[in-house]
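**Q**
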Ligand code: GLU
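Residue numbers (the numbering used here): 1 to 293.
Here it is as structure tokens:
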């Protein structure tokens, strides 16, 4: 199958070093494979969005030389596709009326949230209004091989619980939209930050329910600061530019020759790219050498 990759930023601010790393890795993997590279704006979470951020990200990608194929898609315009998908899997979903407080004492999930204990699986209690639509999960462990992180296994029912696909007040959940869009756009390879590694089994469950193909996955380390915090989209945003390409390549395990001009780095990276060289860790602190101040 011809390679189709994608970069799917949330327009909550301009690109920062961490999102540059994700964009660069997915571009390098796609271009090294002679594949297509799409850009999709994940703009469903209205309150978190920053006006102008989507446009700023696109201009940054262009300035970096990370050119995409075809038209940029916007999730906010794709509601019909998500509704179709929800209709397809209606037998696997149910309305839930629980607030987070109601299951605040259930088991702790890996991301610090609470495992949903399935309270409304058997139907909403009389008088309880629906707040979310959840996907029924099961105890079958989901296993996949990440091209960098290796074998991953998760039992979604035990480790996450039935998860939200849509909130009753409207918005579609990221897990639903990402799966529907990757399938609709024919994405064969998902390359993104390892903060999404633990979401991948949920996405695979959803792919199976929808009867769509599971893409290959490659999760690169997330850039964190010395305090162990993920680099925020706001931090250093305005400085992201050509001078950050060499540090981003180095972060991914590729050290280009010192005499390469900034304009030659992408071609060099594309030719030398190999998933085997990417550090097999979930998070990493970028070296400050060569970084903009
Ligand atoms: N929109 C997500 C983010 O900006 C990425 C989603 C994905 O690549 O699947 O973190």
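We treat Cβ as the ideally placed atom computed from N, Cα and C, and that holds for glycine.
Three or more C-beta pairs closer than 8 Å, one from the segment 142-151 and one from the segment 261-280: is that the case here?
**A** The segment 142-151 is in contact with the segment 261-280.
**Q** I'd like the span of the alpha helix (DSSP H) that includes residue 122, first residue to last.
**A** Counting along the chain, residue 122 falls outside any alpha helix (DSSP H), and DSSP gives it neither H nor E.
**Q** Mapping the DSSP letters down to three states, classify residue 237 as helix, strand or coil.
**A** Residue confidence for residue 237 is low, a pLDDT of 47 falling below 50, so the modelled location carries little weight; the figure read from the coordinates is stated next. Helix, per DSSP.
**Q** Cβ atoms of residue 14 and residue 240: under 8 Å apart, would you say?
**A** Result yes, Cβ atoms of residue 240 and residue 14 sit closer than 8 Å.
**Q** For residue 54, which residues of its own chain have a beta-carbon under 6 Å away from its beta-carbon, when the five flanking residues on both sides are left out?
**A** Excluding sequence neighbours, residue 54 sits near 11, 41.
**Q** Taking 7 Å as the line, does the beta carbon of residue 192 fall inside it for any heavy atom of ligand 1?
**A** Residue 192: yes, Cβ under 7 Å from ligand 1.
**Q** Is the beta carbon of residue 73 within less than 7 Å of some heavy atom of ligand 1?
**A** It does not: the Cβ of residue 73 is nowhere closer than 7 Å to a heavy atom of ligand 1.
**Q** Considering only C-alpha positions, which residue in the set 118, 188, 260, 178 is nearest to residue 100?
**A** Selected option, being the one with the closest Cα: 118.
**Q** Cβ of residue 148 versus every heavy atom of ligand 1: is any distance shorter than 7 Å?
**A** Not under cutoff, so the answer is no.
**Q** Can we say the segment 73-84 touches the segment 103-118, given the rule of at least three CB pairs closer than 8 Å?
**A** No, they do not touch.
**Q** Can residue 166 and residue 86 be called in contact, C-beta distance under 8 Å?
**A** Yes. Within cutoff.
**Q** Using a Cβ-based criterion (distance less than 7 Å to any ligand heavy atom), does residue 196 qualify as near ligand 1?
**A** Yes, since a heavy atom of ligand 1 falls inside the 7 Å radius drawn around the Cβ of residue 196.
**Q** Taking residue 141 as the reference, give the member of 154, 134, 122 with the closest Cα.
**A** The candidate whose alpha carbon is nearest that of residue 141 is 154.
**Q** Mind checking whether residue 231 and residue 17 have CB atoms under 8 Å apart?
**A** Yes, the pair counts as a contact, with Cβ atoms nearer than the cut-off.
**Q** Within the continuous alpha helix (DSSP H) that includes residue 43, where are the two ends?
**A** Here residue 43 belongs to no alpha helix (DSSP H), and DSSP marks it neither H nor E.
**Q** So, under 8 Å CB-CB, residue 194 and residue 221 are touching, yes? Tell me the CB distance rounded to an integer number of Å.
**A** About 6 Å separates the two Cβ atoms, so the contact holds.
**Q** Are the Cβ atoms of residue 164 and residue 177 separated by less than 8 Å?
**A** Cβ atoms of residue 164 and residue 177: not closer than 8 Å.
**Q** Indicate whether residue 25 and residue 191 have their beta-carbon atoms separated by less than 8 Å.
**A** The answer is yes: Cβ separation under 8 Å.
**Q** To the nearest angstrom, how far is the alpha carbon of residue 236 from that of residue 47?
**A** In this prediction, residue 236 scores a pLDDT of 49, lower than 50, which makes its location untrustworthy; the coordinate-derived value is nonetheless stated afterwards. Cα to Cα, the separation comes out at about 22 Å.
**Q** For residue 130 and residue 35, I'd like the C-alpha separation in whole angstroms.
**A** Using only the alpha carbons, I get a separation of about 43 Å.
**Q** Excluding the five sequence neighbours on either side, which residues of its own chain have a C-beta within less than 7 Å of the C-beta of residue 254, listed in chain order?
**A** These residues qualify, in order along the chain: 269, 272, 277.
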